[in-house]
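Chemist: First the structure, then my questions, so here it is.
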Amino acid sequence: MDIRKEFLDFFASKKHTIVKSAPLVPDDATLLFVNAGMVQFKDIFTGAVPIPEVPRATSCQLCIRAGGKHNDLENVGYTARHHTLFEMLGNFSFGDYFKKEAIANAWEFITTKLELPIDKLWVTVHNDDDEAYNIWKNHISEDRIMRFGDKDNFWSMGDTGACGPCSEIFYDQGEENFNSSEDKMGGDGDRFLEIWNLVFMQYDRDKDGNLNPLPKPSIDTGMGLERIIAIKEGVLNNFDSSAFKPLIQKIESISPSKITDKNIASFRVIADHVRTVAFMLSQGILFDKVGRGYVARRILRRAVRHGYLLGFREAFMGQVIEQLTAMMGDVYPDLKEKYDFIQEQVKLEEDRFFKTISSGMQLFNEELKNTKDIFSGEVAFSLYDTHGFPLDLTQDMLREKGISVDIDTFNRCMEEQKQKAKAAWKGSGDANNEGDFKQLLDTIGVNEFIGYTNIRSKSKIIALLDDNFNQVDKLTPNNTGWVVLDKTPFYATSGGQIGDVGALEDKEHISIVQETKKFFGINMSKVQVGDAPIKVGDTIEAVVVNRGEVSKHHSATHLLQSALKMVLGDTVSQAGSLNDEKRLRFDFTYSKAMTQKQIDEVEDLVNSMIARDLKGSVEELPIEEAKKKGAIAMFGEKYGDKVRVVEFGDVSVEFCGGTHVQNTGNIGSFYITKESGVSSGVRRIEAVCGLSAIAYAKNNIKQLKQIENELKSKDVIQGINKLKEQIKNLKQELKDAHDTVSTPLEEKNINGIKVVVDIVEHGDIKKLVDDMKNGNDSIAILLLQAKGDKVLLASGVKNAPIKAGDWIKAVAPIVGGGGGGRPDFAQAGGKDISKIPQAKEFALEFIQQNL
C-alpha cells in the first residue's frame, strides 16, 4: 500500500489542492529548516497573505528536526520513533471547513483507507473543547475519548497570534508489548502511539494573553508517514518497517559487523542519517562550518562515527545512498537528478573525517581513562577544533558511559577561539519584514512586471509605504519609502541578480529608485523622494538605468556555468551567484582549487561563446518539458508547473527568471579576476564583462606600462627574471657575510685539547661548530649568540673527555634556558641576553675543571 499516495488522493477527492513538498530551507527567518507541514502555509494562517482561491490544501512535506529549537538528533537510533528527517502528511483548511469535517475526514481515512481496527484507536481533546468531544462521539465510543490540558492538547504558533485546542488520534500497540506503569493514555510509555494531530486554530492570543475568537477558524493537521507505515506493517519500531529496513539490510551486507542487540543502534543511526544528508545535498544544503551546512556535517560525521564502531575504515555511505535512491527517487526526483553530485560530496566529506577520526578516538579514549563523572571541556574542544568531532558527537559517545561534558569549559574555549566556526545557528540572515502586505494584496493584488521587454514606462503609483512598510498616501520631499507601480519595469532582486535602480520622473521632478525587491509577490521599489512629494494616483515615467550591464553579467554567468561543466565535469552545480552592473560572482560545487590551466580554459571557452554571437531566447515551458530539454535548475529552488527557460544557442539552457542580453556578442569581453574557496567542496569565481571588462583590461595595460618603465625594458618577463637572479645573488652574498665571523674566535689549549668558548654576533653557530669539529682532530667548542631577545647556544666535542650535552646543560640555566643533546653535539636556548658574558665565563670554568 502506497500510504503517501493514498493520503493525497483521498484529500484531493475532498477538493483539496495537492501541494508539493516545500524546500527544506524555509522562507522564514525564524526557522533553520522546515520542521512541519504547515510551515509553507504560515503566511496564510497568520493573515500575512490572502486565503488562496481554493481554501483547502494537502501535502506530504519533508521535514528536518536536527538543529535549532526542534532537534531530535541525540535521540535518533535509540528510540523507535525519532528521526532527523521524516515525511509529514497533512491536510489544511484556510477559513473553510472546521472541526466537524476535519474529524470526519481523519476518521474516514484511518478506518476505511488505512483500515486500522477501531478497537485499537483512542482520541484526546482539550479539557474545555466540548465541541470536539461531542463530534468525536459520533465516530468512536465515548469511553475512548479522553480530555487533557494545555500541555497535551493546545497548540500555539508563538507567544501571540493564532492558536487553539487540538485533538490527537492514538493507536494501541498492545498490552502484550508494552506494560509498564507509563503505558497508559497520557503516560510516557510506547503502548499508546500518537499517529495524527488535528489542530483547531480558532483563537488569536493578544499580548495580554487573552484568547479572542478568530472570524474564520482554520485547520492544520499532521501525521508522520514513517510512523503510520510501521503500524500498517505490524512492527513496533519505525526502523523495522519498509521505510528503513532495506537501508539497514544494505548497511549490514557491506558492514564488517553483523547486527546484534548491542550494535543495532549504529545501523539505525546510519540509515536515518544517510536519508537526511542525501536530501539536504539534493536541495543544495552543502557541508559547511556554520549554519545549515554545519548541521549537515554533524549528521554525516555522526553516521561515520557509528560506521567506525562497526568496523568501517573508509567511505561506505555511497552504497547506502544507492539503495535510498532506488527506494525514494521516483517520488523525489532530485535524488536521481543530483545522484552523482550527492555521491561525490558525501565521499569527500567521509574521506575527510576518516583521516582524523582515528587520532580523535585515541585522544577520546585516553581522556576517558582519567574521567569519572565529567569529561574535560578542553579535550572536548580539542576533539571539535583539531579532529572535527562535533560536540554532540562527543556527548553521544559519552552517553553510552553515563558521562557528561564540562560544557562551561568547552564554551569558554569556543569563545577564546574566535576565528573558528561557532556551533550555534545564527539564523537564515533573511529580513523578517512586517507591514501592510495583506491589505495591499487584498486591495491591489500582485502588480505587473514588464521589465523583460521595457526599461522605461508610463506607470501609475497605486500604493506607497513608509520605511516601516506602513501604507501612506504620499511620501514627502527628501524622505525615503517604498512605491508600488501598476506596471513596473524595475526587476526585483532574485535568482542572484541585483534589483534595478533608476528614477521616477514627471515633467519637473525626479525621485531616485535606490533598490527593488519583492515582498509576498509584490514588486516594490525603494525611492529617495526629490524636491516634490509623490502621491498615490500620480502618473510618472519609470526609468531603469543599470539594466544593460547587469544583464551582461547575468548572461555571462550562464555561459560560465556551461564552460565549467565542460572543463570540470557535469557534477559541477551552481551553489550561489551574484550579478550586478560591475561584476559577477559564481559559486559552484567542486572539491579542489582550479589550476591556472583550467581557469584559462574556462575563460577562453566563455569568450569563444561570446564571439560566436549566439542568439538568446526565452520561453515558458511545462517543467517536465524543460527538464527533458536539458535545462539546468538551481539547487533548492521551488518551481511551479511552468518555468521560464533561457537559452543561448547550443551551449546553455537554464531555468531563470532574470534579465539577459539578446545575443552573447552584447556581453563584450570576459575576464576571470579571482578563483577561491568558499567552504568545503564549494569554489567561487569572480569575473567581469562589458564595461567592467574594458576598465579591467585598461587598468592591467596601465600597470604593465608602469612595470616596463620601472624595469626599463619592454620585455617584462626577461626584466623580472633578471631581477630575480640579482636578488638570488644578493641573498647568497648576505648569507656568506653572515656565515663569516669577522673576528677570530678565542682559542685555548687545555691539557693538549683545543678549547673554544666565545660569543658570536653573526652567522650560524651550529654550522661554525660543525666546521671547527671537521677541521680539528681534538676540540671542545661552545658558542653563544644573541638573536633578538633570545639566546642561542651550541656545543661540539671531538676526541675529548667531556660530553657536549653535559656541558650545555650546565651553562644554559645561567641565561634562563635549557637544552641538551648527544655527547658530540648539543644545543640550547635561553631568555636572558644580559647574562651571556656570565655564561661564557662559567663555560670556561666548567671545561677547565672537567678536562
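To convert, take the position in the sequence shown, counting from 1, and add 70; that gives the numbering used here. Here a beta-carbon is modelled for each residue, glycine too, at the ideal position from N, C-alpha and C. Note that the structure is predicted; figures quoted are calculated from it, not measured.
Take the Cβ of His86 as the centre, count every other Cβ of all protein chains shown within 10 Å, and call the residue buried at 16 or more, exposed below.
Modeler: Taking the sequence shown and counting its residues from 1, one reaches residue 86 at position 16. The C-beta of His86 has 16 or more other C-beta atoms within 10 Å across all chains shown, which makes the residue buried.
Chemist: Flag this pair as yes or no: are the beta carbons of Lys873 and Gly899 separated by less than 9 Å?
Modeler: In the sequence shown, the residue the question calls residue 873 occupies position 803. In the sequence shown, the residue the question calls residue 899 occupies position 829. Cβ distance not < 9 Å, so Lys873 and Gly899 don't count as in contact.
Chemist: Using a 10 Å radius around the Cβ and a threshold of 16 neighbouring Cβ atoms, would you call Arg55 buried or exposed?
Modeler: Since the first and last residues shown for the chain are 71 and 921, residue 55 lies out of range.
Chemist: Can you look up Arg923 in the DSSP assignment and give me helix, strand or coil?
Modeler: This structure leaves residue 923 out entirely; the chain is present only between 71 and 921.
Chemist: Bridge partners of Tyr241, per DSSP?
Modeler: Mapped onto the sequence shown, residue 241 falls at position 171. Note: Tyr241 sits in a beta bridge opposite Leu191, Leu263.
Chemist: Between the C-alpha atoms of Asp806 and Lys836, what's the straight-line distance to the nearest angstrom?
Modeler: What you label residue 806 is simply residue 736 of the sequence shown in a count that begins at 1. What you label residue 836 is simply residue 766 of the sequence shown in a count that begins at 1. One C-alpha to the other measures close to 15 Å.
Chemist: If distances are taken between C-alpha atoms only, which option among Arg422, His457, Val416 comes closest to Met431?
Modeler: Locating residue 431 in the sequence shown gives position 361, where the first residue counts as 1. The option with the nearest alpha carbon to Met431 is His457.
Chemist: Return the bridge partner residues of Ala850 from the DSSP annotation.
Modeler: Taking the first residue of the sequence shown as position 1, residue 850 is located at position 780. Answer is Val825, Val867, bridged to Ala850.
Chemist: Can you tell me where the alpha helix (DSSP H) holding Phe424 begins and where it ends?
Modeler: As a working note, residue 424 is residue 354 in the sequence shown. Phe424 -> alpha helix (DSSP H) spans 409–439.
Chemist: Could you compute how far the alpha carbon of Asn799 sits from the alpha carbon of Gln353?
Modeler: Sequence index remark: in the sequence shown, residue 799 carries index 729 (1-based). Sequence index remark: in the sequence shown, residue 353 carries index 283 (1-based). Distance between the alpha carbons of Asn799 and Gln353 is about 57 Å.
Chemist: If you check the beta carbons only, do Leu684 and Gly719 fall under 9 Å apart?
Modeler: The residue labelled residue 684 in the question sits at position 614 within the sequence shown. The residue labelled residue 719 in the question sits at position 649 within the sequence shown. Yes, these two residues count as a Cβ contact at 9 Å.
Chemist: Say whether the region 100–114 touches the region 196–214, bearing in mind that this needs 3 or more beta-carbon pairs closer than 8 Å, one atom from each stretch.
Modeler: no
Chemist: Have a look at Ser498 and Phe357 and give me their C-alpha separation to the nearest angstrom.
Modeler: Within the sequence shown, residue 498 is the residue found at index 428, counting from 1. Within the sequence shown, residue 357 is the residue found at index 287, counting from 1. Since pLDDT at Ser498 reaches only 33, below the 50 mark, its modelled position is unreliable, and the value read off the structure follows with that caveat. Near 16 Å, if we compare the C-alpha coordinates of Phe357 and Ser498.
Chemist: Taking the alpha-carbon of Glu922 as reference, which of Gln802, Asn846, Gly789 has the nearest alpha-carbon?
Modeler: Outside the displayed range of the chain (71 to 921) lies residue 922, so it cannot be described from this structure.
Chemist: Name the two residues that bound the continuous alpha helix (DSSP H) containing Ser625.
Modeler: Here residue 625 refers to the residue found at position 555 when the sequence shown is read from its first residue. Where Ser625 is concerned, the enclosing alpha helix (DSSP H) stretches over 617–638.
Chemist: On the CB-based measure, 16 or more other CB atoms within 10 Å of its CB, does Ser474 come out buried or exposed?
Modeler: Residue numbering aside, residue 474 sits at position 404 when the sequence shown is read from its first letter. Exposed.
Chemist: Which same chain residues, not among the five before or five after Ser226, have their C-beta less than 6 Å away from its C-beta?
Modeler: As a first step, residue 226 is located in the sequence shown; it is residue number 156 there, counting from the start. Non-local beta-carbon contacts of Ser226 in its own chain, meaning distances under 6 Å to residues more than five positions away in sequence, involve Cys233 in chain order.
Chemist: Cα separation between Ala896 and Phe656?
Modeler: If you number the sequence shown from 1, residue 896 lands on position 826. If you number the sequence shown from 1, residue 656 lands on position 586. Straight-line Cα distance between these residues: approximately 56 Å.
Chemist: Compare the C-alpha of Ile592 against each of Asp608, Ala562, Gly304, Val344 and name the closest.
Modeler: In the sequence shown, the residue the question calls residue 592 occupies position 522. For Ile592, the nearest C-alpha among the options comes from Ala562.
Chemist: Output the distance between the C-alpha atoms of Asn736 and Gly377, rounded to the nearest integer angstrom.
Modeler: Position 666 of the sequence shown, counted from the start, is the residue given in the question as residue 736. Position 307 of the sequence shown, counted from the start, is the residue given in the question as residue 377. Those two C-alpha atoms are separated by around 54 Å.
Chemist: Would you kindly check if the distance between the Cβ of Asn282 and the Cβ of Tyr273 is under 9 Å?
Modeler: Residue 273 sits at position 203 when you count from the first residue of the sequence shown. Residue 282 sits at position 212 when you count from the first residue of the sequence shown. Taking 9 Å as the Cβ cut-off, Tyr273 and Asn282 qualify as a contacting pair.
Chemist: Using C-beta distances below 7 Å, list every residue in its chain close to Gly399, excluding the 5 sequence neighbours before and after it, in chain order.
Modeler: By 1-based counting over the sequence shown, the position of residue 399 is 329. Result list for Gly399: Leu405, Lys406, in chain order.
Chemist: Given a cut-off of 9 Å, decide if Ala864 and Phe923 are closer than it, judged by their beta-carbon atoms.
Modeler: The shown model of the chain, from 71 to 921, leaves out residue 923, and the question about it has no answer.
Chemist: Alpha carbon to alpha carbon, how far is Leu648 from Ala82?
Modeler: Along the sequence shown, one-based indexing puts residue 648 at 578. Along the sequence shown, one-based indexing puts residue 82 at 12. Taking the straight line from one Cα to the other gives about 40 Å.
Chemist: Throw me the rounded Cβ distance for the Thr546 and Val599 pair, which I believe falls under 8 Å.
Modeler: Locating residue 546 in the sequence shown gives position 476, where the first residue counts as 1. Locating residue 599 in the sequence shown gives position 529, where the first residue counts as 1. About 7 Å; that satisfies the 8 Å criterion.
Chemist: Note down, one range per segment and in chain order, each beta strand (DSSP E) of at least 3 residues found wholly within the region 555–612.
Modeler: 572–575, 580–589, 592–598
Chemist: Helix, strand or coil for Asp274? Go by DSSP, reduced to three states.
Modeler: Looking up residue 274 in the sequence shown gives position 204. Of the three classes helix, strand and coil, the one that applies to Asp274 here is strand, per DSSP.
Chemist: Is DSSP giving Lys667 helix, strand or coil here?
Modeler: Taking the sequence shown and counting its residues from 1, the one referred to as residue 667 is at position 597. Of the three classes helix, strand and coil, the one that applies to Lys667 here is helix, per DSSP.
Chemist: How long is the line joining the alpha carbons of Ile215 and His209, rounded to whole angstroms?
Modeler: Within the sequence shown, residue 215 is the residue found at index 145, counting from 1. Within the sequence shown, residue 209 is the residue found at index 139, counting from 1. Using only the alpha carbons, I get a separation of about 10 Å.
Chemist: Can you give, in chain order, each stretch of the alpha helix (DSSP H) that sits fully within the region 871–915 and has at least 4 residues?
Modeler: 874–881, all fully within the region 871–915.
Chemist: I need the straight-line Cα distance from Pro907 to Leu921, nearest angstrom please.
Modeler: Within the sequence shown, numbered from 1, the residue matching residue 907 stands at position 837. Within the sequence shown, numbered from 1, the residue matching residue 921 stands at position 851. Cα-Cα distance, rounded: 22 Å.
Chemist: Does DSSP put Phe459 in a helix, in a strand, or in coil?
Modeler: Within the sequence shown, numbered from 1, the residue matching residue 459 stands at position 389. The three-state secondary structure of Phe459, taken from DSSP, is coil.
Chemist: What residue range is occupied by the uninterrupted alpha helix (DSSP H) comprising Glu778?
Modeler: As a working mapping, residue 778 is identified with position 708 in the sequence shown. That run of the alpha helix (DSSP H) goes 760–781.
Chemist: Helix, strand or coil: which one does DSSP assign to Glu486?
Modeler: Within the sequence shown, residue 486 is the residue found at index 416, counting from 1. Helix, per DSSP.
Chemist: Tell me the rounded alpha-carbon separation between Ala850 and Val825.
Modeler: One-based indexing of the sequence shown puts residue 850 at position 780. One-based indexing of the sequence shown puts residue 825 at position 755. Roughly 5 Å separates the two Cα atoms.
Chemist: Round the Cβ separation of Lys843 and Gly866 to the nearest angstrom and send it over; I've been treating them as touching at under 8 Å.
Modeler: One-based indexing of the sequence shown puts residue 843 at position 773. One-based indexing of the sequence shown puts residue 866 at position 796. Between Gly866 and Lys843 the Cβ distance is about 5 Å, and since that is below 8 Å, they are a contact.
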